[in-house]
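Asks: To start, I am sharing the structure in question, which I have written as structure tokens.
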Amino acid sequence: ACNPARFDPNLALNLEICEVINKKQGNAARVASQAIVRLVNSSKANQAMLALTLLDNCAKNCGYPFHLQIASKDFLNSLVRRFPDRPPARFAPNPVQSAPGNQWNHFDYVPPQQFMANPVIDRILYLIKEWKIALTELSRYKDDMAHIKEMYRLLQFKGYRFPELRDSSVAALAPDE
65 ACNPARFDPN LALNLEICEV INKKQGNAAR VASQAIVRLV NSSKANQAML
115 ALTLLDNCAK NCGYPFHLQI ASKDFLNSLV RRFPDRPPAR FAPNPVQSAP
165 GNQWNHFDYV PPQQFMANPV IDRILYLIKE WKIALTELSR YKDDMAHIKE
215 MYRLLQFKGY RFPELRDSSV AALAPDE
């Protein structure tokens, strides 16, 4: 499912993996979550993105045992292991307007430089926010998911900005009970 030669996720295979996790008892959810987070930390961006898609599919289809694993401190720390301590700025500083009469001065001007967004970090931030809302606010097991809320607060404190969520993604994780 996370072969680095692939560039598109295979939803059928991901759902098969979810079925295997659901059928097996014991530590299947833990073993699966550990294997997925290792792939998320791959140096190959396409493999990491495929692993994040698989992680999202598992979170939405495997239920409480898998939710407990993704809410563990070890899992969350492994998930954000490659995050820089401070998030890189999305844009360079605005032009300085110190010239008399706001005339353009080439020594004061800093041209805006687009920051190359990291899709892996952006997707992880999306998933953490989704889990925070669906599992720590809307779930009946919210007390078991406290580490997700702590990780959300920590990343927010460090300056990370979380993307807007689609209602459908939250609804898939926390259907009306």
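Going by our numbering, the sequence shown opens with residue 65, and the numbers climb by one from there. Ideal placement from N, C-alpha and C gives every residue a C-beta, glycine not left out.
Taking only three categories from DSSP, how would you classify Asp186?
Replies: Note: Asp186 maps to helix in three-state DSSP.
Asks: Quick one: Cα of Leu103 to Cα of Glu80, how far?
Replies: Rounded to whole angstroms, Leu103 to Glu80 spans 18 Å at the Cα level.
Asks: Rounded to a whole number of angstroms, what is the C-alpha to C-alpha distance between Arg150 and Leu140?
Replies: Approximately 17 Å, taken between the alpha carbons.
Asks: Rounding to the nearest angstrom, what Cα-Cα distance links Asp186 and Pro227 in this structure?
Replies: Cα-Cα distance, rounded: 8 Å.
Asks: So which of Ile188, Ser97, Ile212, Val184 has the shortest CA-CA distance to Ile197?
Replies: Of the candidates Ile188, Ser97, Ile212, Val184, the one whose C-alpha sits nearest the C-alpha of Ile197 is Ile212.
Asks: Could you work out which residue in Ile134, Tyr224, Pro152 is closest to Leu237 when comparing CA atoms only?
Replies: Measuring from the Cα of Leu237, the nearest candidate turns out to be Ile134.
Asks: Return the CA-CA distance between Ser136 and Ser107, expressed in angstroms with no decimal places.
Replies: Answer to the nearest angstrom: the Cα atoms are 24 Å apart.
Asks: Can you tell me the Cα-Cα spacing of Gln178 and Val144, whole angstroms?
Replies: For Gln178, the predicted structure reports a pLDDT of 44, less than 50, and the residue's modelled location is therefore unreliable. A value from the coordinates is still provided. C-alpha separation (whole angstroms): 23 Å.
Asks: Since Trp188 and Cys126 should fall inside the 8 Å C-beta cutoff, what is the C-beta to C-beta distance between them, to a whole number of angstroms?
Replies: Contrary to the premise, residue 188 reads as Ile rather than Trp in this sequence. Going by Cβ atoms, the distance from Ile188 to Cys126 rounds to 18 Å, so no, they are not a contact pair.
Asks: Taking only the alpha-carbon atoms, compute the straight-line gap between Leu132 and Ala69 and give it to the nearest angstrom.
Replies: In a straight line, the C-alpha of Leu132 is about 31 Å away from that of Ala69.
Asks: Confirm, please, whether the CB-CB distance from Ala96 to Cys122 is below 8 Å.
Replies: In contact: Cys122 and Ala96 (Cβ atoms closer than 8 Å).
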